[in-house]
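Here's the structure we're looking at; comments come further down.
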Amino acid sequence: MAAPSSFVCVTCGTNTPADASGEAHSTCLICDEPRQFIREGGQEWITLDSLKANGKHSNVFTPTKADPENMISISTTPQYAIGQRGILIRTPKGNILWDCITYIDDETVARVKAYGGLKAIVISHPHYYSSLKEWSEAFDGIPVYTHANDKQWVQRPAKNHVFWEGTTLDLLEGEIKVLCPGGHFDGSTLLLWDKNLLVADTLMVAASRKSVSFMYSFPNYWPLPPNAVKAIWDSVRPYKFDNVLGAWVGKEIVGNGRNIVYESAKLYTQYSGHEVAKYYKADAEELAFN
Ligand SMILES: [Zn+2]
Ligand SMILES: [Zn+2]
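Residue numbers (full-length UniProt numbering): 1 to 290.
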C-alpha cells in the first residue's frame, strides 16, 4: 500500500500534507496557534482512509430549521474533531456547499449528487478547511473559494482553488454573496443567501439561539476588540436577512436575525467595558437601510 500523502489532525480535522520525509508533521499548523489548541496528550494524526476503513463514522443529512427544503446540513456522526457542519445550499442557479468537513465517502457523494451535485465550495475560514481537496475532487474539481487574507493557512489547495480578495464576492450571478469582515481570522467570511446569513465562527450563534458572540478564539475565550465587532455589524448592516445559521446542526436563529446581531454587537461592546455610543449611532440610524 502506498504511503499516505496526507494526515488528518485528530483535534481540528484538517487534512494536512505529509512532511518532506513522507511522515506526519510534528505539530498541526491550525491547532498550534492561539485560536486552537493541542489536546492533552499531544498531537495525534489519522488518515482519511483509516477513518473510512474503521467503519465508525458516517455523514448525516439534516434539513435546517431556517429552510428545510433548500438548506441541508451535512455533518459527521459520531461527531468528529471540531464537529462543524457543511451546509448544502440549493439555489435556482445551482448548489453550493458552505464550509467543509473532514469525512467524505461514496455514500455522501451519491447523496449530494442526488440533490443535483455542487457548483462550488465556499469555506468561511481555516478551521473548516478540513478535506477541501477531497471534496472538490469528488465533484469533478469544482472551485473552492477561500479568502486571500488566509492563504497562509491553506496547506492542500484544490486544483481550482480561488483565493478571492476584497470585502464581497458574488457567486451564481449574484444569487449568493460572500462577505469578508475579518475578526476571528483576517479572512473570516459570511455567506448571504435569500433571507439567511451563514456565519460559521465569524459570529457564534449562542446556546440560547437568541444572541450571537464575536471571538478571536472560541475554545480559548479570547475576545475581539470592539472595532472588530463593529466591522462585522457594518458588513452585514446593508442586508435584509432574518435567519442566522451557525457552524453546528441546530445552531440557528430563525427570524429577527438582523436585530439580534445588532443588539448582540452592542451588548458585547458594553460588557467588554467600552462605550457603546462611541462605536454605534442611534438605533434607528444603525438599523435603517440606506
Ligand atoms: Zn489540528
Ligand atoms: Zn474558527
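Quick reminder that beta carbons are idealized off the backbone N, C-alpha and C, glycines included.
Tyr279 sits in a helix when the DSSP states are folded into three classes. Of Gly116, Arg39 and Leu48, the smallest CA-CA separation from Pro92 is found for Gly116. When DSSP states are grouped into helix, strand and coil, Val10 belongs to the coil group.
Between Ser188 and Asp170, the gap from beta carbon to beta carbon reaches 8 angstroms or more.
Leaving aside the five residues that flank Met215 on each side, the residues in its chain whose CB is nearer than 8 angstroms to its CB run, in chain order, His184, Asp201, Met204, Tyr221, Trp222, Pro223 and Leu224. According to the DSSP assignment, Pro63 belongs to the beta strand (DSSP E) that extends over Ser58 to Pro63.
In the displayed model, Ile96 falls within a strand according to three-state DSSP. Taking Lys159 as the centre and dropping the five residues before and after it, the same chain places the C-beta of Gly141 closer than 6 angstroms to its C-beta, in chain order. In the three-state reduction of the DSSP assignment, Thr269 falls in the helix class, which pools H, G and I. Rounded to the nearest whole angstrom, the CA to CA distance from Lys65 to Phe163 is 31 angstroms. The alpha-carbon separation between Thr167 and Cys180 amounts to approximately 5 angstroms. In this structure, the straight-line span from the alpha carbon of Ile260 to that of Val276 is close to 16 angstroms.
Between the segment 16–25 and the segment 48–57 there are fewer than three inter-stretch CB-CB distances shorter than 8 angstroms, so the stretches are not counted as touching. If you check the C-beta of His147 against ligand 2, you find no heavy atom less than 7 angstroms away. Cβ contact annotation for Glu165 (same chain, cutoff 6 angstroms, sequence separation greater than five): Ala148, in chain order. A distance below 7 angstroms between beta-carbons, with the five flanking residues on each side excluded, links Phe241 to the following residues of its chain, in chain order: Leu192, Lys195, Asn196, Leu197, Gly257 and Arg258. The beta carbon of Ala3 is closer than 6 angstroms to those of Gly22 in its chain, skipping five residues each way along the sequence. Within the chosen limit of 7 angstroms, ligand 1 reaches the beta carbon of Thr11 through at least one heavy atom. What you get when you keep residues with a C-beta closer than 6 angstroms to any heavy atom of ligand 2 is His125, His127, His184 and Asp201. A straight-line Cα-Cα distance of about 14 angstroms links Lys210 and Tyr268. Residue pairing for Trp222: DSSP places it in a beta bridge opposite Ser217. Not one heavy atom of ligand 1 lies closer than 7 angstroms to the C-beta of Thr102. Looking at the DSSP output, Thr77 sits in a beta bridge with Ser58. Checking the 7 angstroms criterion, the Cβ of Ile30 is within range of a heavy atom belonging to ligand 1. Looking at the DSSP output, Phe163 sits in a beta bridge with Thr146. Glu107 sits in a helix when the DSSP states are folded into three classes.
Annotated three-state conformation of Lys113 is helix, per DSSP.
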